[in-house]
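J.: When the letters of the sequence shown are read in order and numbered with full-length UniProt numbering, they come out as residues 1 to 410.
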Amino acid sequence: NFSVISHNGASGVYPGCTDLAYKQAVDDGADYIDCPVQVTKDGTLVCLNSADLTLSTTAATSSFNSRFSVIPDIQSDRGIFTFNLTWQEIQKSLKPDISNPQLKYQLLRNPLYKNAGNFMTFTDFLAFAKDKAISGVLIGIENAAFLAEHLGFSVIDAVLKALDNAGYNNQTRLEVIIQSRDSSVLMKMRQKTNYKLVYMIDEFIRDASPSSMKDIAGFAHSVAIHKESIYPKSAGFIVAKTEIAAKFKSANISVFGYLFANEFTSQPWDFYSDATMEIKEYVQQAGVDGIITDFPRTAVAYRRNSCLNLGHKTPRYMLLVEPAALLAILPPQAMPPALPPMPTLTVADLVEPPLPPASLNMPSSLGATVSPAPVTPNGEPFYSVSLHVSLLLTMASFLLIQCGAGWVLR
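#1: Relative to the C-alpha of residue 210, which candidate in 33, 246, 77 and 316 has its C-alpha closest?
#2: Rounded to the nearest angstrom, what separates residue 299 and residue 262 at their Cα positions?
#3: So does the segment 268-284 actually touch the segment 349-365, counting three or more Cβ pairs closer than 8 Å?
#4: I believe residue 296 touches residue 4 by the beta-carbon criterion, under 8 Å. Please report the beta-carbon distance rounded to the nearest angstrom.
#5: Of all the alpha helix (DSSP H) runs that stay within the bounds of the segment 194-236, which reach a length of 4 or more residues?
#6: From the DSSP secondary-structure annotation, give me the bridge partner or partners of residue 7.
#7: Who are the Cβ neighbours of residue 25 in its own chain at under 8 Å, not counting the five residues just before and after it?
#8: What do you reckon, are the CB atoms on residue 224 and residue 201 nearer than 8 Å?
#9: Go to residue 180, then tell me how far its beta strand (DSSP E) extends in each direction, as first and last residue.
#10: Does the distance from the C-beta atom of residue 174 to that of residue 220 stay below 8 Å?
#11: Excluding the 5 residues flanking residue 162 on each side, which residues of the same chain have their C-beta closer than 7 Å to its C-beta?
#12: Check whether the Cβ atoms of residue 42 and residue 82 sit closer than 8 Å, and answer yes or no.
#13: Work out the CA separation of residue 108 and residue 102 for me, nearest whole Å.
#14: Starting from the C-beta of residue 36, find all residues in its chain whose C-beta is less than 6 Å away, skip the five residues before and the five after it, and write them out in chain order.
#15: Could you check the C-alpha separation between residue 353 and residue 182 for me, to the nearest Å?
#16: Starting from residue 34, follow the beta strand (DSSP E) in both directions and report where the run begins and ends.
#17: Using a Cβ-Cβ cutoff of less than 7 Å, which residues in the same chain neighbour residue 189 once the five nearest sequence positions on both sides are dropped?
#18: Quick check on the burial criterion: 16 or more other C-beta atoms within 10 angstroms. Buried or exposed for residue 13?
#19: For residue 277, is the classification buried or exposed, using 16 other Cβ atoms within 10 angstroms of its Cβ as the cut-off for buried?
#20: Rounded to the nearest angstrom, what separates residue 98 and residue 120 at their Cα positions?
#21: When you compare each of 292, 321 and 235 to residue 260 by their alpha carbons, which one comes out closest?
#22: Ordered along the chain, which non-local residues of its own chain (more than five positions away) have a Cβ less than 6 Å from that of residue 362?
#23: To the nearest angstrom, report how far apart residue 379 and residue 66 are at their CA atoms.
#24: For residue 339, which of 290, 233, 331 and 241 has the nearest alpha-carbon?
#25: Distance check for residue 248 and residue 382, CA to CA, integer angstroms please.
#26: Would residue 367 be called buried (16 or more neighbouring beta carbons within 10 Å of its own) or exposed?
#27: Inspect the beta-carbon positions of residue 229 and residue 242 and report whether they are closer than 8 Å.
#28: Just to confirm, are residue 40 and residue 96 a CB contact at a threshold of 8 Å?
#29: Secondary structure at residue 27, three-state DSSP: helix, strand or coil?
#30: Less than 6 Å between C-beta atoms, sequence neighbours within five positions excluded: which residues of the same chain meet that for residue 38?
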């Protein structure tokens, strides 16, 4: 028995965090639908995968491309951030953009739905979820320290107020789960609410020290860990199975695995590059309590699988896989590269300063900290000029190669 948790709704089918993606996730049987909360310039809470609009919308090719900025506290790359645009600007001028995590293999998700659906505010999301046949909602909170320190905005208080206004504090039918990568956020939430709390560990780890697990148990009920922390892989081959999931569960901390998808290039060869086989291994062999997935329907279909609990009559293709067994039959020249050692989670990895004081009001001016990137006289960001130069140099190199080849042939 395990929970199926959507990742930005059914984001493998439609652009993530849109009305269509959430409706699809519910129709597909997800137990929990999720909203990663971001904040706009006018203080509106919206459901979007990232504060950087270029990652899930058409912002990079929009009229707002002069608003690129670099904010190291959030990410090292340039971005166009939600708090630099109003909700109306996002809603009226941008379109959702479907994610393509396997683009390096030239695998695109359905181009028919590339820009389908509408963005949703957090309030709209809560209203949508309230009467659906689901177990609850999972709400992601990130960048709380940045928003409090630089914008004076308390995203935690804003989320709690929205939940209260939507009536989630006066009901018991839908469970509310708060997820964050920041221990400071979960500690604050633990002081203010009785919601279930999930600590997301966003780095690969092979183990966790007993003291770190004890600390996590003090501010979270569950952890979300990357699936490769459980089954590390190299060049598509499983190289080991860690005991990290079992250790957390022995400390009375439930475990959610992320991120699962249907594309065959996302599953190891050991699991036959099959999405259903992969889920089976994580549920039956690793013992995860929940699956966070772009495709809730696949996980729900596995849960209904008639091949479960058949004992010695289980078909061979549904038997558990011995971790790293394929390595034993590979010739030396075909062995995958050795992985660098994955770290052990320690207490030092969890320690964060308390969140700065903040309010529910967004400042009228966002200040130099989040100011747009410099632009050229024609209105394009400087990165575009560099791109143009790179393209010209590439074309010139190509022509030189062709000319050289032609000279040799002659």
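No residue lacks a Cβ here, since even glycine has one placed at the ideal position from N, Cα and C.
As the structure is a computational prediction, the values presented were derived from the model and not from experiment.
T.: This is what the structure gives:
#1: Here residue 210 refers to the residue found at position 210 when the sequence shown is read from its first residue. Nearest option by C-alpha distance: 246.
#2: Taking the sequence shown and counting its residues from 1, the one referred to as residue 299 is at position 299. Taking the sequence shown and counting its residues from 1, the one referred to as residue 262 is at position 262. Taking the straight line from one Cα to the other gives about 10 Å.
#3: Because the criterion of three Cβ pairs below 8 Å is not met, the segment 268-284 and the segment 349-365 do not touch.
#4: By 1-based counting over the sequence shown, the position of residue 296 is 296. By 1-based counting over the sequence shown, the position of residue 4 is 4. That pair is a contact at about 5 Å.
#5: 210-219 and 227-230
#6: Walking along the sequence shown from the start, residue 7 turns up at place 7. Paired residue(s): 10.
#7: To locate residue 25, count along the sequence shown from 1; it is residue 25. Once the five neighbours on either side are set aside, the close Cβ partners of residue 25 are 6, 9, 10, 33 and 296.
#8: Within the sequence shown, numbered from 1, the residue matching residue 224 stands at position 224. Within the sequence shown, numbered from 1, the residue matching residue 201 stands at position 201. Against a cut-off of 8 Å, the Cβ pair of residue 201 and residue 224 comes out as a contact.
#9: Here residue 180 corresponds to residue number 180 of the sequence shown, with the count starting at 1. It spans 175-180 - the beta strand (DSSP E) in which residue 180 sits, taken as one unbroken run.
#10: As a first step, residue 174 must be located in the sequence shown, where it is residue number 174. As a first step, residue 220 must be located in the sequence shown, where it is residue number 220. In this structure, residue 220 does not lie closer than 8 Å to residue 174 by Cβ.
#11: Sequence index remark: in the sequence shown, residue 162 carries index 162 (1-based). So the qualifying residues of the chain are 45, 122, 123 and 126.
#12: What you label residue 42 is simply residue 42 of the sequence shown in a count that begins at 1. What you label residue 82 is simply residue 82 of the sequence shown in a count that begins at 1. Contact: no.
#13: Against the sequence shown, residue 102 aligns to sequence position 102. Against the sequence shown, residue 108 aligns to sequence position 108. Rounded to whole angstroms, residue 102 to residue 108 spans 7 Å at the Cα level.
#14: As a working mapping, residue 36 is identified with position 36 in the sequence shown. Correct list, in chain order: 49 and 140.
#15: Counting from one through the sequence shown, the residue named residue 353 turns up at place 353. Counting from one through the sequence shown, the residue named residue 182 turns up at place 182. Their backbone Cα atoms lie some 10 Å apart in a straight line.
#16: Counting from one through the sequence shown, the residue named residue 34 turns up at place 34. Taken as a continuous stretch (DSSP letters only), the beta strand (DSSP E) holding residue 34 covers 32-39.
#17: Sequence index remark: in the sequence shown, residue 189 carries index 189 (1-based). Same-chain partners within the cutoff: 156, 178, 195 and 197.
#18: Along the sequence shown, read from residue 1 onward, the residue named residue 13 stands at position 13. Per the 10 Å Cβ criterion, buried.
#19: As a first step, residue 277 must be located in the sequence shown, where it is residue number 277. Result: buried.
#20: By one-based count along the sequence shown, residue 98 stands at place 98. By one-based count along the sequence shown, residue 120 stands at place 120. In this model, residue 98 and residue 120 are separated by some 15 Å (Cα to Cα).
#21: Indexing the sequence shown from 1 puts residue 260 at position 260. Looking at the Cα atoms, 292 is the closest of the given residues.
#22: Your numbering for residue 362 matches position 362 in the sequence shown. Closer than 6 Å at the Cβ level, and outside the excluded window around residue 362, lie 43 and 153.
#23: Within the sequence shown, residue 379 is the residue found at index 379, counting from 1. Within the sequence shown, residue 66 is the residue found at index 66, counting from 1. Confidence at residue 379 is low in this model, with a pLDDT of 43, below 50, so its placement is unreliable and no value can be given for it.
#24: As a working note, residue 339 is residue 339 in the sequence shown. Of the candidates 290, 233, 331 and 241, the one whose C-alpha sits nearest the C-alpha of residue 339 is 233.
#25: Here residue 382 is taken as the residue at index 382 of the sequence shown, counted from 1. Here residue 248 is taken as the residue at index 248 of the sequence shown, counted from 1. Any reading at residue 382 needs caution, since the residue's pLDDT is 40, under 50, leaving its predicted position unreliable; the model's value is listed next. Cα-Cα distance, rounded: 47 Å.
#26: For the purposes of this step, residue 367 is taken as the residue at position 367 of the sequence shown. For residue 367, the pLDDT reaches just 43, beneath the cut-off of 50, and the residue's location in the model is therefore unreliable, although a value from the coordinates is still provided. Counting every other CB atom within 10 Å of its CB across the protein chains shown gives residue 367 a total below 16, marking it as exposed.
#27: Within the sequence shown, residue 229 is the residue found at index 229, counting from 1. Within the sequence shown, residue 242 is the residue found at index 242, counting from 1. In this structure, residue 229 sits near residue 242, with a CB-CB distance shorter than 8 Å.
#28: Taking the first residue of the sequence shown as position 1, residue 40 is located at position 40. Taking the first residue of the sequence shown as position 1, residue 96 is located at position 96. Not a contact, by the Cβ cut-off of 8 Å.
#29: As a position in the sequence shown, residue 27 is number 27, starting the count at 1. Here residue 27 sits in helix by DSSP.
#30: The residue you call residue 38 lines up with position 38 of the sequence shown. Contacts found: 46, 48, 51 and 82.
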